[in-house]
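Since the structure comes first, as structure tokens, the remarks are kept for the end.
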């Protein structure tokens with residue numbers, strides 16, 4: 001018993017022989033009562049009538065669990081819009097999944113929180129658009145959504161769920177990080193994701209407005225660090241995610257293509273990550289193929305699996321097992337070729353493209369758009385609200 | 001003696017496909033090796049660290065003499081990760 005007792009999951013793909021898809025993300029619907037401009041959903045969204053029915057989802061969950069999937073995310077869009085959510089949670093829980101509900105909280109009621117608990121839901125992740133009502137409601141394009149989220153956060157704790165709070169940080173709300181920290185503490189979040197937005201889907205469309213400056217990022221991160229020191233690891237655990245545009249090494253996107261993650265989109269498309277649909281690849285559908293065939297045999301899942309496919313300079317790089325060449329979607333969106341090294345890496349011949357974006361060399365002429373329905377957001381109003389409003393007082 | 005309990009945020013579970021125990025928490029997983037799993041399986045909110053050592057000695061009579069030391073080291077590690085709490 002004297003060996004190192006604990007190992008954390010690494011699951012490195014060194015050959016195209018795949019382990020199980022440990023993480024299954026079920027995007028139940030793209031519909032959402034909020035219209036956040038940084039949404040990672042695709043800009044071309046499928047219509048609701050093409051959504052998988054209950055039977056299809058139940059079948060996908062059974063197959064995924066048999067293959068060894070253990071973490072299950074119910075996401076969207078807003079998964080609460082599916083009336084069969086409780087049925088799916090119950091089935092997943094009976095199968096032994098750890099079930100995560102990733103929600104805006106809009107549409108959640110005490111009755112439903114209780115029903116989901118009884119169905120076996122393990123955890124609720126609740127998103128906020130900002131830590132004050134005016135900014136929150138403007139960014140999500142829905143009045144009174146902030147007060148509803150506060151109410152839901154209290155119910156989540158009351159019903160004894162682990163609660164993760166998620167704040168998407170952009171140039172518009174990142175300067176108010178202090179009130180985010182205070183609100184997280186007041187709501188007794190167990191974990192808090194301070195996620196500077198990654199630029200996929202609608203967020204990519206709106207990127208030039210959303211990307212914070214390096215100064216903004218550094219100020220925010222240092223405030224989080226000061227908070228951590230002052231609170232001596234009591235209270236919520238803050239996880240600060242920086243946008244990789246400012247990095248010099250790419251993220252190990254999805255822990256390597258086809259190594260850990262399997263996303264099923266509302267229409268049943270199976271993807272190695274939730275934004276892969278933008279790539280010039282044909283992806284399989286769970287209505288037509290078994291999950292086993294999809295994961296192990298489908299061309300799209302094997303395309304970038306392992307390390308053999310890596311381009312130069314990755315092929316000769318001694319860090320290739322750390323990041324697997326980075327993100328395929330980012331390589332495609334920024335360089336036009338999904339086979340390229342993620343340009344976040346400063347060894348990439350395209351790394352200068354990121355410097356141009358960061359330094360705003362070719363600023364966007366288009367306005368900031370809400371997610372569908374695509375309407376302009378009054379940036380002047382947004383800026384004035386997010387920089388001048390004082391934090392609301394959250395009274396217990 | 002302080003009793004040791006699992007942190008409610010973590011769920012210990014055997015995974016057939018991985019042939020091992022794992023700790024599950026919001027959107028995350030820790031793989032446990034067999035000895036770590038055996039120790040955590042003893043954490044029931046009733047036992048102290050010494051009770052856990054005693055129970056493992058009964059279950060594994062051939063375990064080497066440094067079992068107690070390894071168990072205590074692991075419990076310190078598990079507490080620093082907040083998988084367990086003592087009360």
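Residue numbers (UniProt numbering), protein chains in the order written: chain Z, 1 to 396; chain H, 1 to 87. Every residue gets a Cβ at the ideal spot worked out from N, C-alpha and C, and that includes glycine.
When you compare each of the options to residue i by their alpha carbons, which one comes out closest?
i                      : options                       : result
residue 53 of chain Z  : Z:293, Z:291 and Z:82         : Z:82
residue 80 of chain Z  : Z:30, Z:93, Z:40 and Z:128    : Z:30
residue 129 of chain Z : Z:316, Z:245, Z:38 and Z:243  : Z:38
residue 127 of chain Z : Z:191, Z:249 and Z:18         : Z:191
residue 1 of chain H   : H:78, H:46 and H:55           : H:46
residue 255 of chain Z : Z:272, Z:344 and Z:268        : Z:272
residue 135 of chain Z : Z:344, Z:94, Z:36 and Z:119   : Z:36
residue 257 of chain Z : Z:71, Z:326 and Z:155         : Z:326
residue 157 of chain Z : Z:263, Z:367 and Z:186        : Z:186
residue 103 of chain Z : Z:372, Z:163 and Z:239        : Z:163
residue 345 of chain Z : Z:74, Z:120 and Z:324         : Z:324
residue 248 of chain Z : Z:28, Z:374, Z:63 and Z:343   : Z:343
residue 355 of chain Z : Z:214, Z:223, Z:341 and Z:313 : Z:214
residue 95 of chain Z  : Z:112, Z:109, Z:76 and Z:121  : Z:121
residue 279 of chain Z : Z:189, Z:25 and Z:334         : Z:334
residue 275 of chain Z : Z:19, Z:78, Z:198 and Z:49    : Z:198
Mind checking which residues open and close the alpha helix (DSSP H) that includes residue i?
i                      : result
residue 56 of chain Z  : 54-67
residue 369 of chain Z : Unbroken run through residue 369 of chain Z: none, as it is neither H nor E.
residue 31 of chain H  : First-last for residue 31 of chain H: 28-31, but that is the beta strand (DSSP E), not the alpha helix (DSSP H).
residue 186 of chain Z : 177-186
residue 71 of chain Z  : No alpha helix (DSSP H) holds residue 71 of chain Z; the beta strand (DSSP E) holding it covers 71-75.
residue 40 of chain H  : 34-41
residue 1 of chain H   : Where residue 1 of chain H is concerned, there is no enclosing alpha helix (DSSP H), given that its DSSP letter is neither H nor E.
residue 201 of chain Z : 201-205
residue 295 of chain Z : 291-297
residue 91 of chain Z  : 85-95
Would you please verify whether the beta carbon of residue i is less than 8 Å from any beta carbon of chain H?
i                      : result
residue 232 of chain Z : no
residue 94 of chain Z  : no
residue 91 of chain Z  : no
residue 162 of chain Z : yes
residue 30 of chain Z  : no
residue 224 of chain Z : no
residue 241 of chain Z : no
Against chain Z, does residue i count as a neighbour if the rule is that its beta carbon must be under 8 Å from one of theirs?
i                      : result
residue 165 of chain H : Outside the displayed range of chain H (1 to 87) lies residue 165 of chain H, so it cannot be described from this structure.
residue 47 of chain H  : no
residue 87 of chain H  : no
residue 96 of chain H  : Residue 96 of chain H cannot be examined here, being either before or after the span of chain H that is shown, 1 to 87.
residue 42 of chain H  : no
residue 22 of chain H  : yes
residue 79 of chain H  : no
residue 18 of chain H  : yes
residue 54 of chain H  : no
If we count the other Cβ atoms within 10 Å of its Cβ and call it buried at 16 or more, is residue i buried or exposed?
i                      : result
residue 172 of chain Z : buried
residue 91 of chain Z  : buried
residue 67 of chain Z  : buried
residue 282 of chain Z : exposed
residue 174 of chain Z : buried
residue 299 of chain Z : exposed
residue 14 of chain H  : exposed
residue 149 of chain Z : buried
residue 60 of chain H  : exposed
residue 336 of chain Z : exposed
residue 367 of chain Z : exposed
residue 287 of chain Z : exposed
residue 267 of chain Z : buried
residue 330 of chain Z : buried
residue 364 of chain Z : exposed
residue 8 of chain Z   : Legend: pLDDT at residue 8 of chain Z = 40, less than 50; position of this residue unreliable, no value from coordinates given.
residue 71 of chain Z  : buried
residue 292 of chain Z : exposed
residue 47 of chain Z  : exposed
residue 229 of chain Z : exposed
Determine the extent of the beta strand (DSSP E) in which residue i is found, giving its start and end residues.
i                      : result
residue 126 of chain Z : 123-128
residue 14 of chain H  : 11-15
residue 23 of chain Z  : 23-27
residue 261 of chain Z : 261-264
residue 100 of chain Z : 98-103
residue 21 of chain H  : 20-25
residue 240 of chain Z : 237-241
State yes or no: is the beta carbon of residue i nearer than 8 Å to at least one beta carbon in chain B?
i                     : result
residue 22 of chain Z : Of the protein chains in this structure, namely Z and H, none is chain B.
With DSSP as the reference, identify every bridge partner of residue i, one or two as the case may be.
i                      : result
residue 84 of chain H  : H:6
residue 166 of chain Z : Z:127 and Z:193
residue 222 of chain Z : Bridge partners of residue 222 of chain Z: none, in fact.
residue 55 of chain H  : DSSP output for residue 55 of chain H lists no bridge partner at all.
residue 281 of chain Z : In DSSP, residue 281 of chain Z forms no bridge with anything.
residue 376 of chain Z : Z:369
residue 233 of chain Z : Answer is none; residue 233 of chain Z lacks a bridge partner.
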